[in-house]
Amino acid sequence: LPLVVGRGAQSKAKEFLALLDRYPAMRDFVHACVLVGERRWNLRLKNGIDVRLPEFDIAPALERLVALDRAKNLITRDIVAIDLRLADRVTVRLSDAAAQARLEALKDKAKKKGGDA
C-alpha cells in the first residue's frame, strides 16, 4: 500500500485508494498519496515524479495518465511533475537536465533551419 499523508487524509484515504485500485498499472508506481489543502490529491511516484490531480473528476485524470503512459511511456521519462488539474490539458515539468537538453535541441534545430535558407 502507498503512504497516505496530508491533513484530513485518513478520513478520505479509503475512498481514494479504492479509486486508485481501478488503475493497477498506475497504482503499482505510487509511493505516496498526498492530500493537498484537504481537497485534492497528489501522487508521488516511486521514481520521484509528482502527479497533481484535480479536485473533482479524478477518474478521468487517472485514465488520461494511464493512456499517456501507454502511448508515450510518460512516467519513465526525465520529468519531475505531471499536472492533470485542468481537464483540457496536461502540463509536464522536465527535470533541469532534460530542459537543458531540449533547449539545446531547439537551438540546433533553429540553426539548421536558418542555415538552409
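Residue numbers for the sequence shown follow the numbering used here, beginning at 191 and rising by one. By construction, the Cβ of each residue, glycine as well, lies at the ideal position given by its N, Cα and C atoms.
Counting C-beta pairs with one atom in each stretch, the segment 214-233 and the segment 252-268 have three or more that are closer than 8 Å, which means they touch. I269 is positioned such that its CB atom lies no closer than 8 Å to that of I248.
Counting the other CB atoms within 10 Å of its CB gives F246 a total below 16, which places it among the exposed residues. Closest by C-alpha distance to R267, out of A288, G227, G304, V194, is A288. Across the structure, L193 and R229 are spaced so that their CA atoms are roughly 17 Å apart. Contact annotation, L225 with R197: C-beta distance approximately 7 Å; criterion of less than 8 Å satisfied.
Closest by C-alpha distance to T281, out of A251, A222, K299, is A251. For V256, the uninterrupted alpha helix (DSSP H) segment begins and ends at 248-262. By the neighbour-count criterion, in which a residue is buried when 16 or more other Cβ atoms sit within 10 angstroms of its Cβ, L274 is buried.
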